[in-house]
Amino acid sequence: MRKPIIAGNWKMNKTVDESISLANGLKRALFSIENVEIVLCPSFTSLGELVDVVSGSNISLGAQNMYWEPEGAFTGEISSKMIKSIGCKYVIIGHSERRAYFGETDQTVNKKVKAAIKDGLLPIMCVGEKLEERERGKTFDIVSRHVEKGLDGVSESDAVKVVIAYEPVWAIGTGRNATPEQAEEVHDFIRKILRKKYGETPAENIRIQYGGSVKPENIEQLMAEKDIDGALVGGASLKEESFIDIVKKSSVVLKEK
Ligand code: PEP
Numbered sequence: 124m125r126k127p128i129i130a131g132n133w134k135m136n137k138t139v140d141e142s143i144s145l146a147n148g149l150k151r152a153l154f155s156i157e158n159v160e161i162v163l164c165p166s167f168t169s170l171g172e173l174v175d176v177v178s179g180s181n182i183s184l185g186a187q188n189m190y191w192e193p194e195g196a197f198t199g200e201i202s203s204k205m206i207k208s209i210g211c212k213y214v215i216i217g218h219s220e221r222r223a224y225f226g227e228t229d230q231t232v233n234k235k236v237k238a239a240i241k242d243g244l245l246p247i248m249c250v251g252e253k254l255e256e257r258e259r260g261k262t263f264d265i266v267s268r269h270v271e272k273g274l275d276g277v278s279e280s281d282a283v284k285v286v287i288a289y290e291p292v293w294a295i296g297t298g299r300n301a302t303p304e305q306a307e308e309v310h311d312f313i314r315k316i317l318r319k320k321y322g323e324t325p326a327e328n329i330r331i332q333y334g335g336s337v338k339p340e341n342i343e344q345l346m347a348e349k350d351i352d353g354a355l356v357g358g359a360s361l362k363e364e365s366f367i368d369i370v371k372k373s374s375v376v377l378k379e380k
C-alpha cells in the first residue's frame, strides 16, 4: 500500500523569516493529517531553521538539489551527506528547471539519485516531456529515457526508496495542468516500466507523484486516479491557504479511493 506524498517545492522563494512563518501555519493547520505524507522543500538557506519548526510534527523536509560527491573542492555545491546531516528526509533531483537552466542530464540525475540513496536520503526524481516533445508524439520515449537512465544501476531494494515525480514541462508554472487522464496514462506507463525492471511488488510500492500547475481546483480529480500517488506543487505551495487546501482535499479523496 503506497502512502501518497504531497511535496511543496518553494523554488527560489522566501526569506528565512517568511519560510518559518509559512511552515508554522502549515504545521498548525495540517497536524491531524495521517494518510498523506507532507513534505516541504524550501531553499537551502531556510532548511536548517525549518528542521526545528517541523520537529515532532507530521511534516518532513526535502532539499531542492544536491551534488553527488560527499565533500571536496566543489565551490557552491551542497552534498547529500550535508543535507542528511541537518535532518532532511528527501531531495528533489532532476527538476526540469535544473535540466533546462543548469545543465542537468540523465547522467547527472543518475549520479545524484545513487549518492542520495547511499547517504540515506529519499530522492524525488523528476521526469517529463516538453511541449514540443508531446506534440511530436515523443512523450513515452522521453519519459521512458528519464526513468531508465535515472534509475540505471539502482537495485530493487533501493528503487522503492525513490519517489518519481511526473512533471510535464509544459504544465509547470503555466497554469495549464495535464488532465487527470493525460497524467494517469503516463503514470500507468511509468509503473509498467518499473514492473518490467523490478517486478510486481517493487513497482506497486514505488510512489509516482504528478506535478504541474496543481492547485486546490484540480487536486481532487488528479488524486482520484489509480496511479497518482500525490503531487509535487510549485506555485500553489507558496500560499498557506492553497497548500492546506491541496493536502486536506487529497486526504479526503484518499479515504474514498
Ligand atoms: C514544480 O515546480 O515542480 C511545479 C510543479 O510547479 P507549479 O506547481 O508551479 O507548476
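Sequential numbering from 124 applies to the sequence shown in my numbering. Cβ atoms here follow ideal geometry from the backbone N, Cα and C, with glycine treated the same way.
For Glu172, same chain residues with a beta-carbon under 8 Å away, outside a window of 5 residues either side, are Val139, Ser142 and Ile143 in chain order. For ligand 1, no non-hydrogen atom lies closer than 7 Å to the CB of His269.
Set against 7 Å, the gap from the CB of Lys134 to the closest heavy atom of ligand 1 is smaller.
Per DSSP, Pro291 lies in no beta strand (DSSP E) and is assigned neither H nor E.
With 16 or more neighbouring CB atoms inside 10 Å of its own CB, Met346 falls in the buried class. Pairwise C-beta distances place the segment 219 to 226 out of contact with the segment 191 to 211, as fewer than three of them are shorter than 8 Å. Note on geometry: alpha-carbon atoms of Glu157 and Ser374 lie some 8 Å from one another. Look at Ser278 here: in three-state DSSP terms it is coil, with no helix or strand label. Checking the 7 Å criterion, the Cβ of Glu252 is out of range of every heavy atom belonging to ligand 1.
About 4 Å separates the beta carbon of Glu363 from that of Gly148, a gap short enough to meet the 8 Å contact definition. Judged by their CB atoms, Ala288 and Gln344 are not nearer to each other than the 8 Å cut-off. Where Gly210 is concerned, there is no enclosing beta strand (DSSP E), because DSSP gives it neither an H nor an E.
In the structure shown, Asn132 adopts extended strand secondary structure according to DSSP, grouped into three states. In the DSSP assignment, Arg330 falls within the unbroken beta strand (DSSP E) covering Arg330 to Gly334. By DSSP's assignment, Val356 forms a beta bridge with Gly131. For Leu245, the CB stays at least 7 Å from every heavy atom of ligand 1. The alpha-carbon separation between Ala301 and Arg268 amounts to approximately 20 Å. Taking the CA atoms as reference points, Ile342 sits about 24 Å from Lys137.
Excluding residues up to 5 positions away in sequence, Leu184, Ile209 and Gly210 lie with their Cβ nearer than 7 Å to the Cβ of Val174 in the same chain. Ranked by Cα distance from Ile128, the options Glu255, Val370, Lys378 and Lys380 are led by Val370.
Nearest in C-alpha terms to Val356, of all of Lys126, Ala130, Met124 and Arg125, is Ala130. In this structure, ligand 1 has a non-hydrogen atom nearer than 7 Å to the beta-carbon of Ser336.
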